[in-house]
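The next block holds one structure in the form of C-alpha cells; read it before the comments.
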Amino acid sequence: MKKHFNKFSSIILSTSLAATALTASSGELAEVMKKRGLSEVDVVRAAKTYNPSGVKDEFVVFSSGGQAGQMLVYGVPSMRLLKYIGVFTPEPWQGYGFDEESKKVLRQGNIRGREINWGDTHHPALSEKDGKYDGKWLVINDKANPRVAVIDLEDFETKQIVVNPVLKSEHGGAFFTQNSDYIIEASQYAAPFDNNYHPIEEYKETYRGGVTLWKFNPKIGRIDEKNSFTLELPPYMQDLSDAGKGVSDGWGFTNSFNSEMYTGGIEVGMPPFEAGCSRNDTDFLHVYNWKKLAELAKDKKNVEIINGHKVIMMDVAVKNNALFLIPEPKSPHGVDVSPDGEYITVCGKLDTHASVYKWSKIKKLIDSKDFAGKDPYGIPILDMKKSLHGQAELGLGPLHNQYSNVDGEIYTSLYVDSQIVKWNYKTLKVLDKVNVHYNVGHLCGMEGKSADPQGKYIISLNKLAIDRFQNVGPLHPQNHQLIDISGKKMDLLVDMPIPLGEPHQAVAIRAEKLHGHVRYPMGTNTRTNEIHEGKTLAGQERIERDGNKVKVYATLVRSHINPERITVNKGDEVTMYLTNLERAQDETHGFTIDHYDVHASLEPGKTASIKFTADIEGVFPYYCTEFCSALHLEMMGYLMVKDPNKKYVSAQKLKMQTMSPEQLKAEYDKTVATNAATDAVIQSVVKFLKENNYEKHEVVKNLVVDAMDQYGKIAEQKKLSDEAVKAGDLEKAVLFENMIWQYMVKTADVGIRAKDALVRLIATKQSAAAAAGEKAFGEGGCGGCHVIGKVSSGPDLTGVLERHGEDGEKWVKDFIMEPEKMYDDPYVKGMIDYFNLKMPNQHMNEQETKNIIEYLKWVDENANLF
Ligand code: RUQ
Ligand code: CUA
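Counted the way mature numbering (1 follows the signal peptide of the UniProt record, and there is no 0) counts, the sequence shown spans residues -30 to -1, 1 to 836.
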C-alpha cells in the first residue's frame, strides 16, 4: 500500500514539476520562435523529431549509397547519420580496401579478372524469418556490375561479395525470400549469358534476361554460390522483383519494360530506346515458382552450365509449370507483395494507375491451366483481367509501394507529381496525398515491406534537392524527407540532405532488433570471424625474415605500438600483423605508414594486416590514426627502408670527425660505460641460469649456447678497440665499442629468453585458475603495460597483492574491475602521475579477475625467479 502511495505521489510531483518547467520556458520558447520565424506547427514537428542528447532513435535505416557504392545508416525520427558501410567501394576510415582482410572481400567482386572499385547500389534487404526482419544480415545489389554483397549486422562490416556469373546488368535485387533461404537478383538490360560477342541483330535469339536465386545460409550469413542458379528469361528488360510471402511463399515476381524487344539504333535513324520500349500497351509481370525451380536445379539434366553456373532454361521451367507471364500496364517499375502475400501491387511509370493483382486468382488460373496465350518463347500468359483484383488511379508516375500496420493501407511514390499517396489496396480508394519536395523515387516505411509493418513514418527518398539547401555547386545533394503517417493526414516533418550517391532504396528496422557487438574475441580476423593467423599478444611481438619476405607481428595498446622501429631492405615484401590488445569498447586504434597507401582500423580485439613492397628508400613514420588517448600523438614508430646496394656514410662519424679530443674521449667513456652496464645485466642473467642448473634443461641449454655464441664474439672486438686506443685513434675505438654493444644486445635478448624458459620449467606448478588467469592477463592486453618482474609502462606487479594492506586481494580485484572509481585514491593518483597513464578498464568479468589474482599469487610464489 505504502509503495503504491509513494509511486502515486511521485507521479504527481513529476507532472507538476514538468508543468512548472513548461511555463517557465514558454516565455523563452516564444522568444526563440519569434527570432527564428517558427510557427507552432514547426515547433511541434521539431519536437517530433528532436532527440535530446543521449537519447536514441526508435528505428534504424539502412540506405543504399547509390553510385557511391556504399551504405548509409541513420536513425528515425531524428534523421541523424550514424555510419557509412564500405561495400563495393573502398572506405578508408574503416580500413576497407586498405588492409589485407578487407581487400580480400573487395576483390571477391572482381569481374573477369578486373578490379572494380565502385558500385551502383540500389536495393538493400534485411534477412527475414517468417517474413519478419530478424536483424541479422543485410544484403545489397550493384546494378552496374551485377553483384550482391552481404553485411553482418553484428559489426556492420561487409563479409562477402558474389559476382553474377551470367548477367551483365541487373536491377531487381536484392530481395530475401521469407525465411532467407534465397536472395532474388534479376537482370535489367538483356545481354548474352556467355561472355562472347553476339550481334544486336540476333537480340531475340541470343540476348537474355534472367533471375538468379542465390542460395543463402542464414546461420553463417553467407551466399552459397555452388547451390545457386539462374532462371533464363526472355530479353524483356526485367526490372524490380519481390519475393512472395505467406500465401504466395515459394513464388517470385519480376516485371519488365521491353516486351517489344526493341533494340534502339538512334544513330542509324531508328527511334530511340525510350520510344521503342513503350510502344505496347502492356509489358509482362514474370511469375515463377522458385521453390520448384530450386528442386529442379538439383538434377543435372534440368540445367545448363554457363560460366560454371547452373542455368534453368525457359523451356524446362515451362515444362515444369514454374514460369508464367501476366500483362501489366506499360513500363512498370515497382512490384510489391502485401504483408500477407495475397496482393501484388504493380505501378506503371507511364500509367496513372496502380494495378493490384490477387494471388489466389493467379494461383487458380495456373492450377486450372487457364491461359490466354503464349509469348514467342512459349511461356504461358495469364489473362490480365482475370488476375487483377483491381486498379486505382493514383496520379502521375507511380513508382514504389510500402505498407503500414493498418490493414489494406499502402503508400505509393508519385515521381512526376512529386507526391506520396496513401490509399487502400483492398478498397482501391485514395485516402490522402502529401507533396514532397522533388522527384521522389523509392519510399521507405518502417519495416514497410516485411510481414510485420510498423506504420508511424514514411521516408520519401527524393532525387537531386534543387533549391532546398545551401548551394554547393551544380551537383545537388539528395533529400530524404520524413513523413509522420500516424494521423489521418500525412504530415511532412523534416528534410535530411544526403551527401552522396543517389540512395535508391532504404530499409528500416526497429532498433531493438539490432544487437551489434562492442568488441571482438582477441585476435579476430573480422572479415572471416576466425582467429587470425597473425594474432599477437603482448610479449609475442617480433620481426621475422625469410629471404626478402619480412613479417612483423605487432600490437597496439594505449599508447604505444610495439615494435617502434622496423628496418627493412628496399625491395622487401613487408606484412604487418596488427593486433589491438584493448578490450575497452572506446579504444579503436588506427594504423598507417606514410607513403605506402595502407590503413587499418583496429577495433578492440581485432587483428588486421597490411602488406606492401618497400619499394622506395627512406624513413617513413607510422602512427595510430585514431585520437585514442592523451598520448595518442606519441603512438608512433619508424619504418626505415635502406638500399642494400648502397654505402651509407655514418652521420655519427661525420659528427665525430669534427669533435675535439676531449669530446671524443667523453664519447668513448660513455660508450664503454653503457657496455659495462649492459654486461652487468648479462652477468646477472648468467648467474641466475647457473644457480638454477640451466644445463639440465635441453631447451634452455640450446638458448644459452646461442647467447654465448654471440657473447664469444666480443673479445675479438675488444682487442681491436684496445689497439685503437693504444694507437690514439679514439674514433675507431668508439665504433668497435658500438659493435660490442650490438653483440651484447643480441646476447641479452637470447639470454633473457633462456631465463624466461627456465623460470617456466622450475617454477611451482600453476593451478588451473592461475593458468586461466595468465591467459586472461595476456589476452586482456595487461602485458602491454605491466611486465612481471620489471617496471615498464606501468608498475611491476610482483608483490602487488601485499601492497595494499590486509585486504590486498580485494583492492586489486576492485581496481581491475572498475579502475576509474579509484583514480582519486592517493596511491593510484601517484601512479597515474608517475607513469602518465591511467589503468584502463579492460572489462574483465569477475571470473577472469579472480583467475588473474590466482596468477599473481603464482607470480609471488615464484618471485625469486622473475
Ligand atoms: S528502382 S532505378 Cu529501386 Cu526505382 Cu532502381
Ligand atoms: Cu591509438 Cu591513437
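The beta carbon of each residue, even a glycine, is placed where N, CA and C say it ideally should be.
- Within a 10 Å sphere around the beta-carbon of Met610 sit fewer than 16 other beta-carbons, which makes this residue exposed.
- Going by C-alpha positions, Glu244 is about 10 Å away from Ile236.
- Around the C-beta of Asp585, fewer than 16 other C-beta atoms lie within 10 Å, and the residue is accordingly described as exposed.
- Nearest in C-alpha terms to Arg480, of all of Asn21, Met3, Pro47, is Pro47.
- Comparing alpha-carbon positions, the option among Lys196, Met240, Asn87, Val307 lying closest to Gly278 turns out to be Lys196.
- Listed as beta-bridge partners of Asn532 by DSSP are Thr525.
- A straight-line Cα-Cα distance of about 18 Å links Pro242 and Pro169.
- Bridge partners of Pro297 according to DSSP: Phe254.
- In this model, Arg497 and Gly191 are separated by some 12 Å (Cα to Cα).
- Under the Cβ criterion (8 Å, minimum of three pairs), the segment 194 to 208 counts as touching the segment 153 to 167.
- Around the beta carbon of Asp90, a 10 Å sphere encloses 16 or more other beta carbons of the protein chains shown; the residue is thus reported as buried.
- In the DSSP assignment, Tyr327 falls within the unbroken beta strand (DSSP E) covering 323 to 328.
- In the three-state DSSP reduction, Pro423 falls in the coil class, being neither helix nor strand.
- Distances taken from the Cβ of Phe597 to the heavy atoms of the ligand CUA include one shorter than 7 Å.
- Going by DSSP, Asn645 is part of the alpha helix (DSSP H) stretching over 631 to 661.
- Annotation: the continuous alpha helix (DSSP H) that includes Gly778 extends over 778 to 787.
- Judged by beta-carbon spacing, Val31 lies beyond the 8 Å limit of Ala324, meaning their Cβ atoms are not closer than that value.
- The C-alpha of Phe439 is placed about 20 Å away from the C-alpha of Ser33.
- Taking a C-beta distance under 8 Å as the contact criterion, Ile468 and Tyr427 do not qualify as a contact pair.
- Per DSSP, the beta bridge partners of Cys317 are Ala324.
- Judged by DSSP in its simplified three-state form, Arg117 adopts strand.
- The beta carbon of Pro491 is closer than 7 Å to those of Gly575 in its chain, skipping five residues each way along the sequence.
- A straight-line Cα-Cα distance of about 7 Å links Gln812 and Gly750.
- Rounded to whole angstroms, the gap between the alpha carbons of Thr147 and Gln37 is 26 Å.
- With fewer than 16 other Cβ atoms from the protein chains shown falling within 10 Å of its own Cβ, Phe597 counts as exposed.
- Counting along the chain, Lys671 sits inside the alpha helix (DSSP H) bounded by residues 668 to 681.
- Close CB contacts of Ser357 within its chain, under the 6 Å cut and outside five residues either way in sequence, are with Ile296, Tyr327, Lys331, Ile332 (chain order).
- The beta-bridge partner set that DSSP reports for Trp393 consists of Ile380, Val400.
- Taken atom to atom, the span from the alpha-carbon of Lys270 to that of Val217 is near 30 Å.
- Bridge partners of Ser157 according to DSSP: Glu140.
- In the assembly as shown, Ala697 is an exposed residue. Its beta-carbon has fewer than 16 other beta-carbons within 10 Å.
- Between His450 and the set Gly418, Pro423, Lys419, Asn409, the nearest pair of CA atoms involves Asn409.
- Residue side-chain check: Met605 places its Cβ nearer than 7 Å to a non-hydrogen atom of the ligand CUA.
- Sequence-distant Cβ neighbours of Thr233 in its own chain, meaning closer than 7 Å and more than five residues away, are Ile170, Tyr173.
- The closest heavy atom of the ligand RUQ lies less than 7 Å from the beta carbon of His92.
- Non-local beta-carbon contacts of Pro368 in its own chain, meaning distances under 6 Å to residues more than five positions away in sequence, involve Cys317, Ala324, Thr382, Leu384 in chain order.
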